[in-house]
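Quick note on the working numbering: the sequence shown kicks off at 327 and runs consecutively.
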Amino acid sequence: MDSIRVHRDSISVVDQSLLPDRMVWLKLSSLGDFAKAIGSMKVRGAPLIGIVGAFGIALAAKRSKATSKGALLEELARAASLLLSTRPTGKNLSWALQRVLDSARSAKGLEEARRAAVRTARAILEEDELANRAIGKIGSRLVRNGESVLTHCNTGSLATGGYGTALGVIRAAWEGGKRVTVYATETRPLLQGSRLTCFELKRLGIPVKLIVDGAAGHVLSAGLVSKVFVGADRVLLSGHVINKVGTYPIAALAKENGVPFYVAAPTSTIDPETPVEKVSLEYRDASEVLTLQGRRIAPKGVAALNPAFDVTPPKFVSGIVTEKGVAYPPFRRSLKNLLEKPKRPVSA
Numbered sequence: 327m328d329s330i331r332v333h334r335d336s337i338s339v340v341d342q343s344l345l346p347d348r349m350v351w352l353k354l355s356s357l358g359d360f361a362k363a364i365g366s367m368k369v370r371g372a373p374l375i376g377i378v379g380a381f382g383i384a385l386a387a388k389r390s391k392a393t394s395k396g397a398l399l400e401e402l403a404r405a406a407s408l409l410l411s412t413r414p415t416g417k418n419l420s421w422a423l424q425r426v427l428d429s430a431r432s433a434k435g436l437e438e439a440r441r442a443a444v445r446t447a448r449a450i451l452e453e454d455e456l457a458n459r460a461i462g463k464i465g466s467r468l469v470r471n472g473e474s475v476l477t478h479c480n481t482g483s484l485a486t487g488g489y490g491t492a493l494g495v496i497r498a499a500w501e502g503g504k505r506v507t508v509y510a511t512e513t514r515p516l517l518q519g520s521r522l523t524c525f526e527l528k529r530l531g532i533p534v535k536l537i538v539d540g541a542a543g544h545v546l547s548a549g550l551v552s553k554v555f556v557g558a559d560r561v562l563l564s565g566h567v568i569n570k571v572g573t574y575p576i577a578a579l580a581k582e583n584g585v586p587f588y589v590a591a592p593t594s595t596i597d598p599e600t601p602v603e604k605v606s607l608e609y610r611d612a613s614e615v616l617t618l619q620g621r622r623i624a625p626k627g628v629a630a631l632n633p634a635f636d637v638t639p640p641k642f643v644s645g646i647v648t649e650k651g652v653a654y655p656p657f658r659r660s661l662k663n664l665l666e667k668p669k670r671p672v673s674a
């Protein structure tokens, strides 16, 4: 299913906060629209956030009343800073914003800078779906017919420009004739697993069993799944994986029980520069933990801690599936080699 539609002077995105009950398309045209949609997680998923951010900058360039290229670049830099502040942990957003800014900066004049920004945003969208299909094709080779796999959060079409990353691996295996069953964690506090992953798998006809987050250890120790596939918001060159909170305990439990733990992400998610101690982890509003669908579920006066992400050490990661191939430990070398490789054709 589509997660984004591009129009002349706006884009439309699925309001993921309303799924699975209602399918509502949000029209985003102003910079404020883009920032609010990303910050409120009506738009979510690291690749999709990057794509939407890119279009936010591109449409700001198109609407700008700047009379010089320099003035336009200053305006776009401010817009990029605003968008980046909405979800700072994921790599795709900063990567996409910088790519659009660089394209405008490299243009010869004002009008060419506007056109370059729009072209680049469209290219990022198109490239993401191609990358995801390549990830799916490559990763599906890791899946055997008849297997059951565990996944966390949502990594399908809704979270990307199309097809999906970790869910794309499962989807490609299914479309290749491999009969698989998925165990999906509900993914508190916003239930992306139950609301979104189950919604997508049901539409695809792939069998799915929903479990509470705390049941992952039982599922792994009982031998109910033979592999884990998750996505990522940022992958460091060291192999540390920053992903939806709850990923780290699943990875540790998978290791304890001898279950391979794979990460699927495009190379745009790889951060070759930031050391793990410098990663800024996002904390979200406590109300997401204290309430459920608008109703308070904890006593009044109780505080909550709501980290959006955690960090999985590389010792728990079996492999990282990208559109250029699979990186295996030691990751500093294998990820560096992947980043230097040209992109593989999707048919590979």
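Glycine included, C-beta positions come from ideal geometry on N, C-alpha and C.
Y509 - DSSP class collapsed to helix/strand/coil: Your numbering for residue 509 matches position 183 in the sequence shown. Reduced to three states, the DSSP call for Y509 is strand.
Leaving out five residues on either side along the sequence, give the residues of the same chain with a beta carbon under 7 Å from the beta carbon of K626. Taking the sequence shown and counting its residues from 1, one reaches residue 626 at position 300. Closer than 7 Å at the Cβ level, and outside the excluded window around K626, lies no residue.
Assign N569 to one of two classes, buried (16 or more other C-beta atoms within 10 Å of its C-beta) or exposed (fewer than that). The residue given as residue 569 occupies position 243 in the sequence shown. N569 is buried by the Cβ-count criterion.
Terminal residues of the alpha helix (DSSP H) in which T573 lies: Position 247 of the sequence shown holds residue 573. Residues T573 to E582.
Taking the continuous beta strand (DSSP E) assigned at L536, which residues delimit it? What you label residue 536 is simply residue 210 of the sequence shown in a count that begins at 1. Taken as a continuous stretch (DSSP letters only), the beta strand (DSSP E) holding L536 covers V534 to I537.
I need the DSSP call for L357, collapsed to helix, strand or coil. Reading the sequence shown from its first residue, position 31 is the one you call residue 357. Helix.
Based on Cα-Cα distance, which residue from S660, S411 and P640 lies nearest to L607? Looking up residue 607 in the sequence shown gives position 281. Nearest option by C-alpha distance: S411.
In its own chain, which residues sit with a C-beta less than 7 Å from the C-beta of G416, not counting the 5 before and 5 after it? If you number the sequence shown from 1, residue 416 lands on position 90. Closer than 7 Å at the Cβ level, and outside the excluded window around G416, lie A372, I375, D559 and R560.
Would you call the CB atoms of V605 and V571 closer than 8 Å? Numbered from its first residue, the sequence shown carries residue 605 at position 279. Numbered from its first residue, the sequence shown carries residue 571 at position 245. For V605 and V571, no; Cβs fall outside 8 Å.
Spatial neighbours of G540 within its chain, please: C-beta separation below 7 Å, excluding the five flanking residues on both sides. Taking the sequence shown and counting its residues from 1, the one referred to as residue 540 is at position 214. Nothing listed; no residue qualifies.
Taking C-beta to C-beta, are V647 and Y588 nearer than 8 Å? Sequence index remark: in the sequence shown, residue 647 carries index 321 (1-based). Sequence index remark: in the sequence shown, residue 588 carries index 262 (1-based). In this structure, Y588 lies closer than 8 Å to V647 by Cβ.
Might you give, ordered along the chain, the residues of its own chain that have their beta carbon closer than 6 Å to the beta carbon of A498, omitting 5 neighbours on each side? Translated into the one-based positions of the sequence shown, residue 498 becomes position 172. Same-chain partners within the cutoff: G462, K463 and S466.
Between which two residues does the beta strand (DSSP E) carrying R331 extend? Taking the first residue of the sequence shown as 1, we reach residue 331 at position 5. Its beta strand (DSSP E) spans residues I330 to V332.
How would you label R440, buried or exposed, when you count the other beta carbons within 10 angstroms and need 16 or more for buried? For the purposes of this step, residue 440 is taken as residue 114 along the sequence shown, with counting starting at 1. Under this definition R440 is a buried residue.
Check whether the Cβ atoms of V556 and Y509 lie closer than 8 Å to each other. Counting from 1 along the sequence shown, the entry for residue 556 is found at position 230. Counting from 1 along the sequence shown, the entry for residue 509 is found at position 183. Against a cut-off of 8 Å, the Cβ pair of Y509 and V556 comes out as no contact.
Taking just the CA atoms, how far does R334 sit from A363? To locate residue 363, count along the sequence shown from 1; it is residue 37. To locate residue 334, count along the sequence shown from 1; it is residue 8. Computed Cα separation, rounded: 19 Å.
Kindly list the residues whose CB is nearer than 8 Å to the CB of S474, restricted to its own chain and excluding five residues on each side of it in sequence; keep chain order. Position 148 of the sequence shown, counted from the first residue, corresponds to residue 474. These residues qualify, in order along the chain: V506, T507, V508, Y509, L550, V551 and S552.
Assuming I383 and L427 form a contact by the criterion Cβ under 8 Å, report the distance between their Cβ atoms to the nearest whole angstrom. Here residue 383 refers to the residue found at position 57 when the sequence shown is read from its first residue. Here residue 427 refers to the residue found at position 101 when the sequence shown is read from its first residue. Rounded, the Cβ-Cβ distance is 7 Å, consistent with contact.
Proximity winner among N583, L517, V469 and V554, relative to Q342 (alpha-carbon distances): Counted from its first residue, the sequence shown places residue 342 at position 16. Per the Cα distances, L517.
When burial is assigned at 16 or more other CB atoms within 10 Å of the CB, is E512 buried or exposed? The residue given as residue 512 occupies position 186 in the sequence shown. So E512 counts as buried.
Contiguous alpha helix (DSSP H) assignments of at least 4 residues, all confined to the stretch 621-670: 657-666
Please determine, among V538, D597 and S547, the residue with the shortest C-alpha to C-alpha distance to V567. Against the sequence shown, residue 567 aligns to sequence position 241. Among V538, D597 and S547, the Cα nearest to that of V567 is on D597.
Going straight from the alpha carbon of D347 to that of R658, what length do you get? Counted from its first residue, the sequence shown places residue 347 at position 21. Counted from its first residue, the sequence shown places residue 658 at position 332. Each residue's alpha carbon lies about 43 Å from the other.
Measuring alpha carbon to alpha carbon, tell me which of L398, L451, R459 and H478 ends up nearest V554. Position 228 of the sequence shown, counting from 1, holds the residue named residue 554. Selected option, being the one with the closest Cα: H478.
Tell me whether the beta-carbon of L352 lies closer than 8 Å to the beta-carbon of F360. In the sequence shown, the residue the question calls residue 352 occupies position 26. In the sequence shown, the residue the question calls residue 360 occupies position 34. No.
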